[in-house]
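See below for the structure under consideration.
Next up, the structure:
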């Protein structure tokens with residue numbers, strides 16, 4: 001094929017075993033909307049939007065970092081993002097891929113776009129927390145959120161390459177995934193970057209950017225993304241990073257989460273990293289106002305209240321050590337399983 005555009009569907013594209021072209025897909029879309037199951041309706045809506053006369057698609061941001069908002073995304077930018085993913089992960093036409101993410105959000109939309117543009121053989125299942133249950137198929141490429149990956153450990157031996165995104169991969173999950181024969185990557189991105197612009201192979205520290213993306217950082221040490229094929233504007237994030245070189249960065253934490261305790265700036269994600277192997281339940285580091293320090297460090301744990309052994313803080317320096325422990329029965333979270341810290345603290 002010549003340079004792919006959003007008007008074309010790759011001639012090797014398949015959906016659940018059937019070769020479908022543009023007209024077929026529009027017919028499928030109508031039947032999904034009229035008589036499909038709940039998870040199929042958004043797919044029908046998306047396909048009709050994809051093949052309409054407009055050059056853009058309206059999308060909702062996830063709202064993890066602020067209020068969810070609707071943004072317009074260029075269809076050609078989505079095609080370019082799909083091509084960059086294909087290059088980076090060496091995907092070939094005819095590769096078997098799994099679509100198990102809700103198409104309401106950008107990650108689910110992009111799995112469909114990648115399949116149509118790259119000519120993947122896409123198996124489409126209802127989004128669930130156990131997407132590989134009762135599965136007999138070997139997959140070349142799969143995208144999941146961490147919760148799905150956690151619940152699929154036993155079945156992931158049938159997968160060659162997997163990307164995990166939507167929320168951070170914690171240390172315990174990374175350990176389990178590293179034992180698998182699959183190549184597993186954590187992705188970095190947001191709706192504004194049309195899913196990921198970088199990926200980190202599990203076991204490595206740094207994220208590597210996809211083709212046609214360059215990075216720098218601002219005076220806050222926050223990541224600045226230059227991806228002209230995906231976004232006409234430079235994207236300034238609130239993610240504190242350490243640049244390894246012009247193609248690689250190490251994620252340290254979010255600016256919004258930084259704690260100023262007695263004039264010392266602390267990055268919660270780095271404290272969490274040190275505690276990851278010591279605490280079994282989900283937890284995060286937050287702060288509360290304090291008369292003396294301005295803000296004091298608080299350890300927030302999901303579940304029933306229980307005693308903690310002081311030895312878990314051995315790896316922390318004295319400023320990082322929590323001044324209080326709070327137990328919360330259930331954390332507030334996004335649909336992808338990302339903990340919403342501020343809402344949980346409320």
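Numbering (UniProt numbering), first residue to last: 1 to 346.
Where a beta carbon is used, it is the ideal one built from N, C-alpha and C, also for glycine.
{"Check": "Burial state of residue 18, where buried means 16 or more other Cβ atoms lie within 10 Å", "Outcome": "exposed"}
{"Check": "Buried versus exposed call for residue 30 [16 or more other C-beta atoms within 10 Å across all chains shown]", "Outcome": "exposed"}
{"Check": "Between the CA atoms of residue 188 and residue 200 - distance to the nearest angstrom", "Outcome": "8 angstroms"}
{"Check": "Where residue 72 falls: helix, strand or coil (DSSP)", "Outcome": "strand"}
{"Check": "Pair within 8 angstroms by beta-carbon distance, residue 330 and residue 167", "Outcome": "no"}
{"Check": "Identified DSSP bridge partners for residue 16", "Outcome": "DSSP lists no partner for residue 16."}
{"Check": "Uninterrupted alpha helix (DSSP H) stretches inside the stretch 267-293 (no shorter than 4 residues)", "Outcome": "268-275"}
{"Check": "Member of 294, 299, 277 and 133 whose CA lies at the smallest distance from the CA of residue 283", "Outcome": "299"}
{"Check": "Outcome for residue 4 when other beta-carbon atoms lying within 10 angstroms are tallied against a minimum of 16", "Outcome": "buried"}
{"Check": "Residue 95 burial status per 10 Å Cβ neighbour count (16 or more: buried)", "Outcome": "buried"}
{"Check": "Buried/exposed call for residue 306, threshold 16 Cβ in 10 Å", "Outcome": "exposed"}
{"Check": "Beta-ladder partner(s) of residue 372, from DSSP", "Outcome": "A question about residue 372 goes unanswered here, because the residues of the chain that appear run from 1 up to 346."}
{"Check": "Three-state secondary structure assigned by DSSP to residue 230", "Outcome": "coil"}
{"Check": "Beta-carbon proximity list for residue 113, same chain, < 6 angstroms, skipping 5 on both sides", "Outcome": "78 and 82"}
{"Check": "Which of helix, strand or coil DSSP assigns to residue 143", "Outcome": "strand"}
{"Check": "Beta-bridge pairing of residue 185 - partner residues as DSSP gives them", "Outcome": "163 and 201"}
{"Check": "C-alpha gap between residue 232 and residue 72, whole angstroms", "Outcome": "12 angstroms"}
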